[in-house]
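>
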Amino acid sequence: MAQKGWLSGIFWQRLRRNRFAMAGGIVVVLLFLLSLLAPWLTPYYPDAIDAYNVLMPPSATHWLGTDELGRDVLTRLLFGARISLKVGFVAVGIAVAVGTAIGLVAGYYGGWLDSLLMRLVDIMLCFPTFFLILAVIAMLEPSIWYIMVVIGLTGWMGVARLVRAEVLSLREREFVMAARGLGASDLRIITRHILPNALSPVLVSASLGVAGAILTESALSFLGIGVQPPTPSWGNILTSGKDYIEFAWWLSLFPGVAILVTVLSYNLVGEGIRDALDPRLNR
Amino acid sequence: MTALIETRAVSRHFISSSGPFGAGKLLMAVADVSIALAAGETLGIAGETGCGKSTLARIMMGLIPPSSGQVLYRGTPLNEMSKAGRSDFRKSVQMVFQDPFSSLNPRMRIGDIIGEPFVIHGIASGTALKERVSDLILQVGLQPELANRFPHEFSGGQRQRIGIARALASGPQVLIADEPVSALDLSIQAQIINLLMELKEGHGLALAFIAHDLSVVRHVSDRIAIMYLGRIVELGSRDEVFSSCRHPYTEALISAIPKVHPSAKTGRIVLAGDVPSPLEIPTGCPFRSRCRYARELCRHERPTLEEKSPGHFAACHFSNEIFS
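Sequence order for the protein chains is P and F. To convert, take the position in the first sequence, counting from 1, and add 126; that gives the working numbering. To convert, take the position in the second sequence, counting from 1, and add 229; that gives the working numbering.
1) According to DSSP, is residue 486 (chain F) helix, strand or coil?
2) For a cutoff of 8 Å on Cβ pairs, would you count residue 292 (chain P) as touching chain F?
3) Thinking just about the alpha-carbon of each residue, which of F:277, F:302, F:254 is nearest to the one in residue 435 (chain F)?
4) When DSSP labels each residue in this structure, what does residue 462 (chain F) get in the three-state scheme?
5) Is residue 502 (chain F) buried or exposed, if buried means 16 or more other CB atoms sit within 10 Å of its CB?
6) With respect to the alpha helix (DSSP H) encompassing residue 390 (chain F), which residues constitute its N-terminal and C-terminal limits?
7) Quick one: which chain P residues come within Cβ less than 8 Å of residue 292 (chain F)?
8) Does residue 332 (chain F) come within less than 8 Å of chain P when only Cβ atoms are used?
9) Measuring only between beta-carbons, confirm whether residue 188 (chain P) sits less than 8 Å from chain F.
10) Report back the beta-carbon spacing between residue 159 (chain P) and residue 229 (chain P) to the nearest angstrom; my notes put them in contact at under 8 Å.
11) Over what stretch of residues does the beta strand (DSSP E) that includes residue 542 (chain F) continue unbroken?
12) Quick one: which chain P residues come within Cβ less than 9 Å of residue 349 (chain F)?
13) Buried or exposed: which applies to residue 327 (chain F), given that a residue is buried once 16 or more other Cβ atoms fall within 10 Å of its Cβ?
14) Could one say the Cβ of residue 297 (chain P) lies closer than 8 Å to chain F's Cβ atoms, at least one of them?
15) Does DSSP put residue 239 (chain F) in a helix, in a strand, or in coil?
16) If distances are taken between C-alpha atoms only, which option among F:511, F:520, F:538, F:390 comes closest to residue 329 (chain F)?
17) Using a Cβ-Cβ cut-off of 8 Å, state whether residue 316 (chain F) counts as contacting chain P.
18) Assuming residue 531 (chain F) and residue 513 (chain F) form a contact by the criterion Cβ under 8 Å, report the distance between their Cβ atoms to the nearest whole angstrom.
19) Which bits of chain A does residue 324 (chain F) rub up against, with CB to CB less than 8 Å?
20) Any C-beta of chain P sitting closer than 8 Å to the C-beta of residue 303 (chain F)?
21) Rounded to the nearest angstrom, what separates residue 415 (chain F) and residue 470 (chain F) at their Cα positions?
22) Can the beta-carbon of residue 395 (chain P) be found less than 8 Å from the beta-carbon of residue 150 (chain P)?
23) Check this for me: beta carbons of residue 339 (chain F) and residue 378 (chain F), under 8 Å apart or not?
24) How many Å lie between residue 251 (chain P) and residue 258 (chain P) at the Cα?
25) Should residue 395 (chain F) be flagged as near chain P, meaning a C-beta pair shorter than 8 Å?
26) If you reduce the DSSP assignment to three classes, tell me which class residue 456 (chain F) lands in.
27) Assign residue 332 (chain F) to buried or exposed, taking buried as 16 or more other Cβ atoms, counted over all protein chains shown, within 10 Å of its Cβ.
28) Nearest-angstrom Cα distance between residue 508 (chain F) and residue 515 (chain F)?
29) Mind listing which residues of the region 245 to 259 of chain P have their C-beta closer than 9 Å to chain F's C-betas, in chain order?
30) Using a Cβ-Cβ distance cut-off of 8 Å, determine whether residue 521 (chain F) contacts chain P.
31) Please confirm if residue 323 (chain P) has its CB atom under 8 Å from at least one CB of chain F.
32) Leaving out the 5 sequence neighbours to the left and right, which residues in its chain are closer than 6 Å to residue 274 (chain P) when beta-carbon positions are compared?
33) For residue 528 (chain F), which residues in the same chain have their Cβ closer than 7 Å to its Cβ, ignoring the five residues on either side in sequence?
34) Of all the CB atoms in chain F, is at least one closer than 8 Å to the CB of residue 300 (chain P)?
35) At what residues does the alpha helix (DSSP H) containing residue 302 (chain F) begin and finish?
36) Hey, is residue 409 (chain F)'s beta-carbon within less than 8 Å of any beta-carbon in chain P?
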């Protein structure tokens with residue numbers, strides 16, 4: 127098996143050589159900056175209604191046009207990016223935390239606990255995730271926090287399986303034996319010796335997960351049970367745009383493009399990391 | 230001579246996995262091994278790959294529990310130890326592993342790896358910890374400045390030195406070396422063996438030295454145990470085993486050691502066939518399928534380990550006849 131330490135140097139080299147991954151990475155960083163600096167980048171407020179400039183096409187004053195209430199589309203997209211990224215990261219954070227914890231416990235202790243947790247994973251994977259989320263959100267009131275938690279709690283299974291598989295192989299490595307021979311506690315072995323060596327595949331899963339979570343949030347908001355107006359989100363901008371699509375194309379096109387580019391970028395980064403970590407690819 | 234570590238009729242089997250239907254096969258890794266390691270002595274354990282040496286080492290370390298039998302540390306069975314006794318055992322019995330590329334955590338710095346025993350047992354912290362770690366690094370012949378490096382920056386021999394330093398950190402009395410040199414280049418092997426022997430003398434350690442290379446075992450050991458398919462077939466002092474072995478398997482192993490002098494050609498006994506699979510151990514004497522002296526009795530009855538001369542044990546029905 128390839129040494130992880132040896133890989134870390136090669137890892138960056140390979141990642142840097144992957145043009146798609148680098149392009150994705152640049153877009154991801156750019157999106158971060160844009161959403162972070164949104165209030166300083168635009169002279170408008172995302173909620174400021176302007177009855178004199180309703181449904182204006184893109185122009186020098188409103189680069190991406192205005193919506194049915196005269197709000198600047200670019201501004202709303204920038205502020206919407208904050209919501210999308212927040213949902214993406216918090217949801218994936220929850221999924222990774224839950225999945226890693228369950229994978230560690232299942233893989234390390236094995237036996238009936240492992241069987242129990244893995245059957246739980248199988249059961250969770252049987253649910254059509256999106257409809258599960260729809261049902262849960264329909265019962266609770268729509269709120270961005272519920273959305274993040276629900277997306278997170280329905281997305282941890284892949285991570286749990288990945289981590290468990292890593293733990294199963296790490297558990298038999300001699301350095302873990304050595305730690306046990308020294309009398310290290312289970313907690314110490316798991317946190318110091320196993321977890322740091324099991325994290326690289328999680329990185330891939332996480333960046334692909336961010337893309338998925340952003341998409342799910344957009345879909346929920348599009349259906350009207352996600353982020354509630356007037357708070358802008360890419361999904362609900364798209365919803366309001368669909369009513370005017372015949373004469374105000376900019377209202378639908380730009381949020382759609384934003385979702386597309388973001389999801390694509392995260393996927394490219396995730397796949398780039400996966401390729402760079404793959405010891406079989408020796409390019 | 231009181232034994233520091235003793236195994237009493239220790240066996241360990243594994244169930245080889247099969248499908249959900251049909252029973253798994255029983256793999257006897259270690260069978261009925263009784264062995265004692267006294268303070269300050271070096272016990273060599275030799276045998277072919279897959280004969281259960283490593284499993285025995287891990288049982289002696291308390292890393293895997295035996296299926297039957299007992300491991301005793303200073304007369305107390307491991308499974309009956311108090312928490313304090315257990316902690317003392319963990320400090321006093323340490324292991325050097327076979328594969329230096331697998332035995333060091335790739336995400337930890339050398340200083341943290343060597344210092345971990347101090348942290349776990351609460352022996353030292355802060356600057357005292359750093360000093361103890363530097364001291365250990367020096368003892369195994371490396372430079373203390375290397376403490377901030379990661380394992381992948383070292384060669385196999387250096388890594389093995391680091392593994393030895395870690396094993397010495399808790400101030401052990403027993404060192405179990407599980408094929409400590411078989412993954413290393415020949416030129417490095419001698420260095421590591423000499424280091425182990427120096428440290429053994431310096432610290433007054435008892436050493437269980439496991440290897441498949443009989444010439445290495447001969448070099449280091451006071452007593453030698455020969456294993457075949459999970460059982461000890463011969464046990465005795467080094468000189469007795471080498472000058473007057475009492476088991477046909479030992480005889481064949483010794484005849485296979487390369488001679489230094491080209492003219493010193495003695496008849497080399499070539500064992501026919503491979504080691505039988507530990508899943509299908511022959512009935513009677515496990516060695517009979519490859520033994521050139523095998524007779525009818527060997528097929529039916531398993532020989533027990535008997536004292537053939539004082540302190541010299543062998544498990545062979547016809548030992549007295551063959552080696553007289």
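Every residue, glycine too, gets a C-beta built ideally from N, C-alpha and C.
For this structure:
1) Here residue 486 (chain F) sits in coil by DSSP.
2) Not closer than 8 Å to any Cβ of chain F, the Cβ of residue 292 (chain P) fails to qualify, so no.
3) Considering only F:277, F:302, F:254, the residue with the shortest C-alpha distance to residue 435 (chain F) is F:302.
4) In the structure shown, residue 462 (chain F) sits in a strand (DSSP, three-state: E or B).
5) Classification of residue 502 (chain F): exposed, given that the 10 Å Cβ count is below 16.
6) Here the alpha helix (DSSP H) through residue 390 (chain F) covers 385 to 398.
7) The contact set of residue 292 (chain F) on chain P, defined by CB atoms closer than 8 Å, consists of 303, 306, 307 in chain order.
8) Answer yes: the Cβ-Cβ gap between residue 332 (chain F) and chain P drops below 8 Å somewhere.
9) Taking Cβ atoms only, chain F never reaches closer than 8 Å to residue 188 (chain P), which makes this a no.
10) 33 Å between Cβ atoms; not a contact.
11) First-last of the beta strand (DSSP E) with residue 542 (chain F): 541 to 543.
12) The answer, in chain order, is 305, 308, 309, 310, 311, 314.
13) So residue 327 (chain F) counts as buried.
14) So no, residue 297 (chain P) is outside the interface.
15) If DSSP states are grouped into helix, strand and coil, residue 239 (chain F) belongs with the strands.
16) Minimum Cα distance to residue 329 (chain F) is reached at F:390.
17) Taking 8 Å as the threshold, the shortest C-beta distance from residue 316 (chain F) to chain P falls below it.
18) Their Cβ separation, rounded to whole angstroms, is 5 Å, which keeps residue 531 (chain F) and residue 513 (chain F) in contact under 8 Å.
19) In the structure shown, chain A cannot be found, because the protein chains are P and F.
20) No, residue 303 (chain F) lies away from the interface with chain P (no Cβ there is under 8 Å from its Cβ).
21) Distance from the CA of residue 415 (chain F) to the CA of residue 470 (chain F), rounded to the nearest whole angstrom, comes to 25 Å.
22) By the CB criterion at 8 Å, residue 395 (chain P) and residue 150 (chain P) fall inside the cutoff.
23) Yes, the pair counts as a contact, with Cβ atoms nearer than the cut-off.
24) About 11 Å.
25) For residue 395 (chain F), the answer is yes, since a Cβ of chain P falls inside 8 Å of its Cβ.
26) Looking at residue 456 (chain F) - three-state DSSP - the assignment turns out to be strand.
27) Burial call: buried.
28) C-alpha separation (whole angstroms): 12 Å.
29) Hits within the stretch: zero.
30) Output row for residue 521 (chain F): interface = no.
31) Yes, contact with chain F.
32) So the list reads 213, 216, 217, once near-sequence residues are dropped.
33) For residue 528 (chain F), where only same-chain residues beyond five positions count, the Cβ hits under 7 Å are 512, 513, 517.
34) It does: the Cβ of residue 300 (chain P) has a partner Cβ on chain F nearer than 8 Å.
35) No alpha helix (DSSP H) contains residue 302 (chain F), which is instead part of the beta strand (DSSP E) from 297 to 302.
36) Residue 409 (chain F) has a beta carbon lying at 8 Å or more from every beta carbon in chain P.
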